[in-house]
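Residue numbers (the working numbering), protein chains in the order written: chain A, 283 to 576; chain B, 17 to 341.
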C-alpha cells in the first residue's frame, strides 16, 4: 500500500529540501569546501594502496627518522616506517570510526528517541539513564568502556557510539515531543491514521534533517575521540595505523621530530574542519533554527 | 430533524501542574458543561472570543483530546469512551478542517499524498484509482489536478485550506468539524472558502460544526449558532433569531461590536468593562456577571441553566428567563 501511495504523485516537482540545499550552498561556499575536502579524504582512504604507498607496518630501522620531502614524502618514524603510507592508511581508520559511530549512534538514538517521545512511562526511565550517561564526559566514558574490553576497532566504535547516543536521544526526543503537537499530526489522527503509520509518515521524515546535521557533528567528534583514545593508548590497537596512533607513538620525539605529530595532526584537523563546515552548511540548509552543538 | 451528533454536558478540564512532583494544583475549565446537537445537512456555528474553549470543544468531539466528563453521541451511540480501534470507523464519518493551513499540512508530503491520506486509511484503492479520486477531489475544491505533485509550500493560504478541505472530504464524511477554517486567510479568500464549504454541503449533504470568532462569517454559513463564554454556551438558537433578537447580554455586546459597512449608521455600542476572568478560577454564579451591565445579586450566587425562552431558542441568563412568562 505504501508503494501505491508513493506513486500517486507521478511527475515530481522539486522537493523543498532540494531547493533549500541549493540555496544554502550558494550562501555557504565553505560548505562546498568542506564537502570537497571530505570527499577527497574518503577517496584517499579508499585508494590508499594505489597512491604510491608501501606497507605501513614495514619496519626498516636503518632508515629511521628520515626528514620529510626527501626520499620519503613525510619522512619515516623511529622504526623506519613510511609516515606517508601510515597517514594515508590511517585515514581509513579515522574515517571508518567517524562514519560508523555517526551512523550507529544516529540509528540507535533515533530508535530510542522515538520510543521515549511517544511512550510516557518509558520516557522517565530512559531519560534518567541518558542523563546519567551524559553526566560522564564522553571521552571518560569511552575510556572506561575501552578498559572493560579488548583494544580493537569494533570496540573503539562501540565505546564512542555509547557515549554519543544520549545526545542523539535527547535531540530526537525533543523533536518528537515538538512534532507530536503539530497540527498536521493531529490532522493525521483525525484522518484515521494509526500511531505506527503516523510515526513513520509524519514524525520520522521531519526528524531526518536535524539528525543529518547532528550526524556530521558526531562524525567529527568521533574522529577526535578516536584520536584521543589512541593517543593515550586506550584506542585502536597499535598494529593498525590510525592518526591517533601515529601521534601517540611520536609523542616522545616531539621536540626532535615534530612533523611526526604535526602531519597526522594536520590531516585530522583538516578532516574535522571539513566535516564541521559541511555540517554548518547542512544545518542552514535543513533547519535554520537548530542550535549548534559539537 | 434527526440528530447526527448529540453532545451533553461536555467538560474538558486541563490540570495546572506545579512543583517538583508535578502535582495538579488547579484546573483550567476549558470546556465546562456544554450541550448541543447537530442534525444532518446542518451547520452549527460555535462563536466566542479567544480562549473561551470553542476549539477545545471541537477537538474533544473529534476525540483528539479526551473529555473530562459528559457524553458525545454519534448517530445514536456514545463515542466519548471509545478506544483507538473502536474510534476508527467513526473517524471516517467525522473529519476535520484545521485553523492553520500552514502547520496542518505535513511540509514533506506532496499535495496528492496529503489529500489521499484518509483514502489510504479507509479504502483499499489501487494507485491509478487513488490518483483518479484525488484528481476528482482537487477539482471539487477548485484546485487543478496538475497541482497534485506540488508541496504545501508551493500553495497560497487559500489553496492550502482547499487542500485541507479536500482531505476532509476524501472519505465522504457526515460531519466536518471546521476549527476556525478561515481566520488565517485574507478576507477576499475567506469568502471563496466559505462559498466552497457551502457548495460542498449542498452537493454532499455534509454537516459542519463551524468554530469561529468572526460573527460575519458565522452568520453567513450557519443555520444555528451557539455563543460560548468562558467554557459555557450562553445562547443557542437559529441564525436569524440570534442576529435579530439576541437574548443574552453577552451576545448583545458581541453583536454590537460587529462593524457596519455604512459610515452614516449610528449604532449603540455596548462596551464591556474589564477582562475575561481566568478559566482556572471561573467566577461563581453566572460566568458573565463580572462584566454584565445588568448583573443582579442573584447572578453572583446562582448559575443560570440553559432555558428555552421560545421554541428552539436556549439562553442561560436569569434576567431573560425571569422576564418571560
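We put the beta carbon where it would ideally sit given N, CA and C, even for glycine. Since we're looking at a predicted model, the values are computed, not measured.
* Kindly provide the ranges of any alpha helix (DSSP H) runs that are 4 or more residues long and lie completely inside the stretch 141-166 of chain B, ordered along the chain. => With a minimum length of 4 residues, the continuous alpha helix (DSSP H) runs that stay inside the stretch 141-166 of chain B are 143-156.
* To do: Please report the Cβ distance between residue 439/A and residue 392/A, rounded to the nearest whole angstrom; I am assuming they are in contact, meaning their Cβ atoms lie under 8 Å.
  => With 8 Å as the limit, residue 439/A and residue 392/A do not qualify as a contact, their Cβ atoms being about 17 Å apart.
* Check the Cβ-Cβ distances between residue 484/A and every residue of chain B, and say whether any is below 8 Å. => Output row for residue 484/A: interface = yes.
* Asked: residue 214/B and residue 237/B: beta carbons closer than 8 Å?
  -> Taking the C-beta atoms as reference points, residue 237/B is found nearer than 8 Å to residue 214/B.
* To do: Return yes when the Cβ of residue 526/A is within less than 8 Å of the Cβ of residue 503/A, no when it is not.
  => The answer is no: Cβ separation not under 8 Å.
* Asked: What number of angstroms, rounded off, separates the C-alpha of residue 117/B from the C-alpha of residue 169/B?
  -> Per the coordinates, the alpha-carbon of residue 117/B lies some 10 Å from the alpha-carbon of residue 169/B.
* How would you write the range of the alpha helix (DSSP H) that residue 380/A sits in, first residue to last? -> Start and end: 365-400.
* Spatially closest choice to residue 498/A from 317/A, 308/A and 307/A, by CA coordinates -> Measuring from the Cα of residue 498/A, the nearest candidate turns out to be 317/A.
* Cut-off 7 Å between Cβ atoms - residues of its own chain near residue 572/A, not counting five sequence neighbours on either side -> A caution first: residue 572/A carries a pLDDT of 46, below 50, which makes its placement in the model unreliable, though a value can still be read off. Cβ neighbours of residue 572/A beyond the five flanking positions: 492, 495 and 565.
* Please name the residue, chosen from 249/B, 326/B and 301/B, that lies closest to residue 68/B on a Cα-to-Cα basis. => Just measuring C-alpha positions, the residue of 249/B, 326/B and 301/B sitting nearest residue 68/B is 249/B.
* Is there a Cβ from chain B that is less than 8 Å from the Cβ of residue 567/A? -> No, residue 567/A does not count as interfacial toward chain B.
* To do: Check the Cβ of residue 133/B against every Cβ in chain A and list those closer than 7 Å, keeping chain order.
  => Ordered by position in chain A, the residues that pass the 7 Å Cβ test against residue 133/B are 470, 473 and 475.
* Got a sec? Which residues, its chain only, sit under 7 Å from residue 387/A by beta carbon, not counting five neighbours each side? -> Contacts found: 443, 446, 447, 450 and 500.
* How would you write the range of the alpha helix (DSSP H) that residue 175/B sits in, first residue to last? -> Unbroken alpha helix (DSSP H) run through residue 175/B: 173-185.
* Asked: Quick one: what's got a C-beta closer than 6 Å to residue 553/A's C-beta in the same chain, skipping five residues either side?
  -> Counting only Cβ-Cβ distances below 6 Å, and skipping sequence neighbours, we find 323.
* To do: Measure the Cβ-Cβ separation of residue 90/B and residue 121/B and say whether it is below 8 Å.
  => No.
* To do: Apply the 10 Å Cβ neighbour rule to residue 524/A and answer buried if 16 or more other Cβ atoms are within range, or exposed otherwise.
  => Residue burial is scored here from C-beta neighbours: residue 524/A has at least 16 other C-beta atoms within 10 angstroms and is therefore classed as buried.
* Asked: With 16 other CB atoms within 10 Å as the buried threshold, where does residue 546/A fall?
  -> By the 10 Å Cβ count, residue 546/A comes out buried.
* Asked: What is the residue span of the beta strand (DSSP E) that residue 194/B lies within?
  -> If you look at residue 194/B, you'll find it in the beta strand (DSSP E) that goes 191-195.
* Asked: Under a CB-based cut-off of 8 Å, is residue 448/A close to chain B?
  -> The beta carbon of residue 448/A sits no closer than 8 Å to any beta carbon of chain B.
* Got a sec? Which residues, its chain only, sit under 7 Å from residue 505/A by beta carbon, not counting five neighbours each side? -> Closer than 7 Å at Cβ, skipping near neighbours: 376, 379, 380, 550, 553 and 554.
* Asked: Is it a yes or a no for the stretch 121-136 of chain B touching the stretch 461-479 of chain A, going by three-plus beta-carbon pairs under 8 Å?
  -> Verdict: yes, contact present.
* To do: Leaving aside the five residues before and after residue 466/A along the sequence, list all residues of the same chain whose C-beta is less than 7 Å from its C-beta, in chain order.
  => Excluding residues within five positions, the ones whose Cβ falls inside 7 Å are 484.
* Asked: When the cut-off is 8 Å and only beta carbons count, does residue 111/B lie next to chain E?
  -> Protein chains A and B are contained in the structure displayed, whereas chain E is not.
* Look up residue 253/B in the DSSP assignment and give the residues it is bridged to. => By DSSP's assignment, residue 253/B forms a beta bridge with 241/B.
* Closer than 8 Å at the beta carbon, the chain B residues around residue 465/A -> Going along chain B in sequence order, the residues near residue 465/A (Cβ under 8 Å) are 114, 115, 116, 119 and 120.
* To do: Evaluate the contact criterion for the stretch 292-310 of chain B versus the stretch 248-267 of chain B: three or more CB pairs, one atom per stretch, below 8 Å.
  => Touching, yes, given that three or more Cβ pairs across the two stretches are closer than 8 Å.
* Among residues of its own chain, excluding the 5 on either side of residue 333/B, which ones have a beta-carbon nearer than 6 Å to its beta-carbon? -> Once the five neighbours on either side are set aside, the close Cβ partners of residue 333/B are 264 and 320.
* **For residue 50/B and residue 73/B, believed in contact at Cβ under 8 Å, the rounded distance** => Between residue 50/B and residue 73/B the Cβ distance is about 6 Å, and since that is below 8 Å, they are a contact.
* Asked: Does residue 124/B come within less than 8 Å of chain A when only Cβ atoms are used?
  -> Proximity of residue 124/B to chain A, defined by a Cβ-Cβ separation below 8 Å, is satisfied.
* Return the residues of the stretch 177-190 of chain B that lie within a Cβ-Cβ distance of less than 9 Å from chain A, sorted by chain order. => Those would be 180, 183, 184, 186 and 187, in chain order.
* To do: Counting only the same chain and skipping the five closest in sequence on each side, list residues whose C-beta sits under 6 Å from that of residue 287/A.
  => Its pLDDT being 42, under 50, residue 287/A is placed unreliably by the model, and the measurement read from it follows with that caveat. Nothing listed; no residue qualifies.
* Asked: How many angstroms separate the CA atom of residue 516/A from the CA atom of residue 425/A?
  -> Cα to Cα, the separation comes out at about 6 Å.
* chain B contact for residue 521/A (CB, 8 Å cutoff) -> No, no contact with chain B.
* Asked: Listing by chain order, which chain B residues have their CB less than 7 Å from the CB of residue 487/A?
  -> Here the neighbours are 124.
* Which residue's Cα is closest to the Cα of residue 70/B: 230/B, 156/B, 204/B and 202/B? -> Its Cα nearest to that of residue 70/B, the residue 230/B stands out among 230/B, 156/B, 204/B and 202/B.
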